[in-house]
Amino acid sequence: MAIQAQPLTEGKPIRDLRRGPANFQTRRVRSNVMLGLVYVAVAATLIPLLAVLTWVFVQGLPALNVDFFTKLPGPADDPHQGVANSIVGTVQLLGIASLISVPLGVGAGIYIAEFGGSRYNTLLRFATDVLSGVPSITIGVFVYALVVLPMRSFSMLAGGIALALVMLPILIRTTEEMLRLVPGAVREAALALGAPMWKTIMRYALPAALPGIVTGGLLAMARAAGETAPLLFTALGNNQWNTGITQPVDALTLKVFFYAGQPYEIWRRESWGGAVVLTLMILITSILARLATRRRAGR
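All letters in the sequence shown, in the order written, are residues 3 to 301 by the working numbering.
Below, the structure written as structure tokens:
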């Protein structure tokens, strides 16, 4: 006696295969809509940036000439003047700030990432978060009381310390996060071969995180280069060449701040030129650093 096979769909609702293409079209429309919203969000982010950069370059490029980069500030009726001392002063301040903040920031980031779990670690991370939220003008007042008043003089050193405090939390958190992204197998392999902890960090973990740390350092320098409030209380500004680390020094941000509110066309033009130079300094530094880290990663 032959056994009749029962249909597999008995007792179950039969799926309408004709709905497949319709569902696909619906999902495709939703995907395109969401993709369009993403493009709108990208445009909403880029348009203000491009507008600001375009306006700065349109206003500032006419001020860039040989005198702008080689001459000192002059009276409002002198067409042959520049901000050479401000450019040099900005580089000097960033150099001092980097010498102070980079070793401290990278060292603190290594401690947090590699020696976690202690109460000191938690305290350091909390202090870093608090410092990153402190207004820069508050840092300027703090350094004014700590350095300027005891020295009885505004100085390049005080300005460098203020900018170092601005850079420090960015360097600490960037170093910590980049080291945490390094696979634990790298450390385990080095330790298994007998390498001590300090050598494992310095020769394997830190080089692997170096591109990200360099990028964080550039972001910190970019923020410090654009700060004005701390320098008003520390570096003060100077229309002449700086003669020492204990003397007042000028910076491009200070020059832009003082010149932008003046009624003289020459000085307002110089302020726009200073804004362009600041933007180009950050852009060129970022490009060179990315090229250097890319070549290192390739090797």
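Where a beta carbon is used, it is the ideal one built from N, C-alpha and C, also for glycine.
Predicted model, so just to flag it, every value in this text is computed and none were measured.
A contact is defined here as three or more CB-CB pairs under 8 Å, and the stretch 109-126 fails this definition with respect to the stretch 266-279. Note that the C-beta distance between Ala166 and Tyr146 is not below 9 Å.
The criterion of a C-beta distance shorter than 9 Å is satisfied by Ile141 and Pro232. In this structure Trp274 is buried. Its beta-carbon is surrounded by 16 or more other beta-carbon atoms within 10 angstroms. The beta carbon of Asn123 is closer than 8 Å to those of Tyr113, Ile114, Phe117 in its chain, skipping five residues each way along the sequence. Of the other Cβ atoms in all chains shown, 16 or more fall within 10 Å of the Cβ of Ile215; this residue is therefore buried. Secondary structure within the stretch 157-185: the alpha helix (DSSP H) runs of 4 or more consecutive residues, fully enclosed, are 158-183 (chain order). Relative to the Cα of Thr177, the nearest Cα in the group Gly162, Met153, Pro213 belongs to Pro213.
Straight-line measurement puts the Cα of Ser100 at about 14 Å from the Cα of Thr217. Note on geometry: alpha-carbon atoms of Thr281 and Met204 lie some 34 Å from one another. With at least 16 other beta carbons inside 10 angstroms of its own, Ser88 counts as buried. The alpha helix (DSSP H) runs lying completely inside the stretch 22-103 and spanning 4 residues or more are 68-72, given in chain order. By the Cβ neighbour-count rule, Val251 is buried, with 16 or more other Cβ atoms within 10 Å of its own. The beta carbons of Ala277 and Gly84 sit about 15 Å from each other, so the pair does not count as a contact at 8 Å. For the options Met223, Leu220, Thr255, Ala222, the alpha carbon positioned closest to that of Ala237 is the one of Thr255. Restricting attention to alpha helix (DSSP H) runs no shorter than 4 residues, the stretch 106-155 encloses them at 121-135, 138-145, ordered along the chain. DSSP lists Val251 as the beta-bridge partner residues of Leu238.
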